[in-house]
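Colleague:
Number of protein chains: 2
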Amino acid sequence: MQPEPKHILSFKTALTAGTIRAAADQLGLEPSTVSRNIASLEKQLATALIERGRKGVMPTEAGLLLLDYAQRQSGEMEALRSQLDALTNMKRGAVSIALGEGFVGDFSQSVLAKFSRDHPEISFSLNVGSTDQMTDAVIEDRAHIGLAYDVAPNARLNIIAHADRPLVVVCQKGGKFDAAGEARIAEFSSLPCAFLNKGYGVGAVIADMEASHGFRARAVMETGSIAALKAFVRSDLGITLLPEFVVADEIKAGTLRARKVAVLNFGCGKVSLFVRQGRRLPLAAQKLIPAMSRSLVALNG
Amino acid sequence: MQPEPKHILSFKTALTAGTIRAAADQLGLEPSTVSRNIASLEKQLATALIERGRKGVMPTEAGLLLLDYAQRQSGEMEALRSQLDALTNMKRGAVSIALGEGFVGDFSQSVLAKFSRDHPEISFSLNVGSTDQMTDAVIEDRAHIGLAYDVAPNARLNIIAHADRPLVVVCQKGGKFDAAGEARIAEFSSLPCAFLNKGYGVGAVIADMEASHGFRARAVMETGSIAALKAFVRSDLGITLLPEFVVADEIKAGTLRARKVAVLNFGCGKVSLFVRQGRRLPLAAQKLIPAMSRSLVALNG
DNA sequence: TTAAGCGTTGCATTCAGTGCAACAATTTTG
DNA sequence: CAAAATTGTTGCACTGAATGCAACGCTTAA
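Each protein sequence line maps, in turn, to chains A and B.
Residues 826 to 1126, numbered by my numbering, are exactly what the first sequence covers, in order.
Residues 826 to 1126, numbered by my numbering, are exactly what the second sequence covers, in order.
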C-alpha cells in the first residue's frame, strides 16, 4: 500500500521546518501527531527516516530518498491536475461520433469542420456504418453521439433532435433515366434500381414503402456503400433512392438530379441525432450536441 | 493535498474488475465503500472519473488520466522501496570492499577487525582479486570501497588516499637465494622468479620496470595467488617481488627476508584507497573510509 | 411482469486519528 | 552547578471520519 499523504506531508514539513514542533505549528497540528505520522511512515517503510537530535530533526539517507520521492510525486499530481483542468475547460477532449454513411460528406464538411475550427484541441473519432451499427455503437457506449437515418424507436436511445428527410429519386442528369417533374411509384418497378441494404435506415424505409404501397422495386443492386450507389447512377445504370442532402453536392454541381416522389408521405424517413439514454456525456460532447442539433433543425427548414 | 491511496486503489480495482461490486469483493470491502471512495476522488478532482453503466463502470477520459497517474505513482513507489531496501542492506548488512589480493592478511587483521569490534552491527563483504577486477567492481557499484596496488588513473575513480609501497625482493631466509644487503637488477635475470599476473598491480609495476630498466626477468611462475607466491619462496624455488607489507607477518616471524632493490624509484607502486567518483555512500561506508585512510597513511610512515 | 444485478444513499457503529498533558533527554542559562 | 527551556515521545480519553448493513432506484434479461 502507498503511504498516507498526511504522513508524507508531516514528514516533509518537519524536515523543512527543522523541528517537529515547528512543523506542528505550521500544519496546525500537535507535535505528537507529527511525531506519530513520521513514526508510522518509518514503520511502514521499515527504515529510519529522520535522525532525532537535540536541535531538531535531520533526514537520514532513506529520508532523503523519500523526500525525493515526495517531490516527484507532487510533480506528477500537479501534472495530473493541469491535464484534468485542460479536459474540463475543453482545451482537450475526444468525442466519438457514430455517423450514418450518408452524413460523412455533408456533416464532416459543415458542422464538424466549424466545430473543429472553434475548438481545435478537441479530437473526433468517426465511426461510420449502417443505422443499426450506429445505434448499437451508441447503446454499447462505443460512441457518445449517433447520427443516422430512420432510427427505430428504442427505449435505450435518447433522440435529441430529428429532421424529416424524405427519400428522393436520384438519377443521372441528362442520362437515360433522367426525367422532369415528380416521380411515380410505377418507375421503381420498371426502371433498374440500386438500394442500400436493410441495415441502413434508407433501405428499411424503402422496404416499408414497398409493403405499404404495394409495389415491388426492380432492385438490380443492393449495397452498403453510398459511394457505390452514386457510381451506379453516374454510370447511368439506373436510379436510386436517397435523402436529398446525401447528393446535395452532386446536384449543386449539376451532375445528378433529384426528383420528389408524387406520393404523400412517401419515404418519410427521419434523420435522428441520438445518445444513449441516461448517459452522462463528456463536456466536449455536450457542447457539440447543440451545434449538431441546430444544423439538423436547419435541414428541416 | 494528494488523494488517499485507498481511494485510488478502489478506483483502480473498480475499473480492472469492471464492476464496483466485483471490486468490493476483491478488496474485501462493501460496494458502498468503493462507491464512496470513487465519489470522494471525483469530488476532490472535480471531475467525473467513471461512467456508471448497466454492465458496470467505464473510465472517462479523466479516469484514464488518473489511471495513468496511479500507475506512474505506483512505479515510483516501487523504485523507492527498492532503493530503501538497498540502503538498509548496505547499512546493516554489507559494506562491500574490493580488496587487492595482498591486503587480505594485513588489513582484515588490523583495520577491519578493529572497525568490526567498534561496529558489530555492520558486516563486510570482501571481494578479493586483481587490481583491475577491484577497480571494475567499484566502478560498477559492486563494491563501495576499493583498496588495491598500483591503481591506474581513472576519471571514474576517486582516490581518497594512497601510500607509496615499493616492491622488495622476497626470499626464504637462510635459503639458496638468501643474501644480505640490497638487491641488484641482475638478480632478476639470473635467479628464478615468481610474479603476479599483469592484471594485478604488482605484476603491472614489474612489467613497467622491465621496460624502463631494460632487463628481462627469469619468470618461472606467474600466478594470481599471493599464497602461491609465498609457497614458491617458502619452498626455496626462487624469489619474488612484493610490497613489503604483504609479507610483514612472515618477516616478523623470521621465515622470509625482504631486500630493497638498489635502484632509485624501483617498483615505486602505490597502494590506493578509492571509491567511485560521485557515488553517495551508505553511512557505514562513510565511517569505514576514514579508518582505512588513517591506516593507509600510517603505512607511509 | 418478474427477477436479478448494478450503483447509490441513510443510518448506526466502530475504530483510527487527534489533542491534551506528562515524561525523558538534552542544551542553555542563571 | 543546578534550574529552566526546548526537544521528541508516550499514555489516555475523545471525536469524527470511514465502514458495514439494509433499503432504494434503475436498467436489463427472462
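Even for Gly, the Cβ is constructed at its ideal location relative to N, Cα and C.
1) Given that PRO1168 (chain A) touches chain B, what residues does it touch there, using C-beta distances under 9 angstroms?
2) Quick one, which residues of the stretch 889-922 of chain A are near chain B if we go by CB-CB under 7 angstroms, in chain order?
3) To the nearest angstrom, report how far apart THR872 (chain A) and LEU912 (chain B) are at their CA atoms.
4) Please classify GLU886 (chain A): is it buried, with 16 or more other beta-carbons within 10 angstroms of its beta-carbon, or exposed?
5) The stretch 1094-1110 of chain A: which residues have C-beta closer than 8 angstroms to a C-beta of chain B, in chain order?
6) So GLY878 (chain B) contacts chain A; which residues on that side make the cut at Cβ distance below 7 angstroms?
7) Got a sec: is the Cβ-Cβ distance from MET883 (chain B) to anything in chain A below 8 angstroms?
8) Looking only at its chain, what residues have a beta carbon closer than 8 angstroms to the beta carbon of GLU1007 (chain B), apart from the 5 residues adjacent to it on each side?
9) Tell me where the beta strand (DSSP E) around ARG1105 (chain A) begins and ends.
10) Going residue by residue through the stretch 1037-1072 of chain A, where are the continuous alpha helix (DSSP H) segments of at least 4 residues, counting only ones entirely within it?
11) Between which two residues does the alpha helix (DSSP H) containing ILE964 (chain A) stretch?
12) Go to ASP989 (chain B), then tell me how far its beta strand (DSSP E) extends in each direction, as first and last residue.
13) Taking CB distances under 8 angstroms as the criterion, tell me whether THR872 (chain A) reaches chain B.
14) Given a cut-off of 8 angstroms on the beta-carbon distance, is the pair LEU1127 (chain A) and SER835 (chain A) in contact?
15) Relative to the C-alpha of LEU992 (chain B), which residue among B:ASN862, B:PRO1068, B:ARG906, B:ASN1090 is closest?
16) With a Cβ-Cβ cutoff of 8 angstroms, do ARG897 (chain A) and GLU901 (chain B) count as a contact?
17) Using 10 angstroms around the beta-carbon of ASP975 (chain B), count the other beta-carbons present and answer buried if the total reaches 16, otherwise exposed.
18) Please state whether DSSP places TYR894 (chain A) in a helix, a strand or coil.
19) Contact defined as beta carbons within less than 8 angstroms: I believe GLY881 (chain A) pairs with THR844 (chain A). What is the distance between those atoms, to the nearest angstrom?
20) For GLU855 (chain A), is the classification buried or exposed, using 16 other Cβ atoms within 10 angstroms of its Cβ as the cut-off for buried?
21) By alpha-carbon positions, which one of A:LEU890, A:SER899, A:ALA895 ends up nearest to ASP910 (chain B)?
22) For chain B, is any of its Cβ atoms less than 8 angstroms away from the one on ALA980 (chain A)?
23) Using a Cβ-Cβ distance cut-off of 8 angstroms, determine whether GLU886 (chain A) contacts chain B.
24) Roughly how many angstroms separate the alpha carbons of ARG1009 (chain A) and ALA988 (chain A), rounded to a whole number?
25) Considering only residues of the same chain and omitting the five flanking positions on each side of ILE948 (chain A), which have a CB-CB separation below 7 angstroms?
26) Closest by CA to LEU906 (chain B), which one among A:ARG1059, A:PRO828, A:ALA1078, A:VAL1100?
27) With DSSP as the reference, label VAL929 (chain A) as helix, strand or coil.
28) Between PHE1057 (chain A) and the rest of its own chain, which residues show a CB-CB distance below 7 angstroms, the 5 nearest in sequence each way excluded?
29) Would you be able to state if there are at least three C-beta pairs under 8 angstroms between the stretch 1107-1114 of chain A and the stretch 954-970 of chain A?
30) Can you list, in chain order, the residues of its chain whose CB lies under 8 angstroms from that of ARG1101 (chain B), leaving out five sequence neighbours each side?
Modeller: Let me lay it out:
1) Only positions 826 to 1126 of chain A appear in the structure, and residue 1168 (chain A) is not among them; the question remains open.
2) LEU890, LEU891, TYR894, ARG897, GLN898, GLU901, MET902, LEU905, GLN908, LEU909, LEU912, THR913, GLY918, ALA919
3) 9 angstroms
4) buried
5) ARG1104, ARG1105, PRO1107
6) ASP966
7) yes
8) ARG1084, LYS1085, VAL1086, ALA1087
9) Taken as a continuous stretch (DSSP letters only), ARG1105 (chain A) belongs to no beta strand (DSSP E), as it is neither H nor E.
10) 1051-1059
11) 956-964
12) 982-989
13) yes
14) Chain A is shown from 826 up to 1126; residue 1127 (chain A) falls before or after that span and cannot be answered.
15) B:PRO1068
16) yes
17) buried
18) helix
19) 4 angstroms
20) exposed
21) A:LEU890
22) no
23) yes
24) 24 angstroms
25) Rather than Ile, the amino acid found at residue 948 (chain A) in this sequence is Ser. The answer, listed in chain order, is ALA919.
26) Note that residue 906 (chain B) is Arg in the sequence shown here, rather than Leu. The candidate whose alpha carbon is nearest that of ARG906 (chain B) is A:PRO828.
27) helix
28) ALA1019, MET1046, GLY1063, THR1065
29) yes
30) VAL963, ILE964, ASP966, ARG981, LEU982, ASN983
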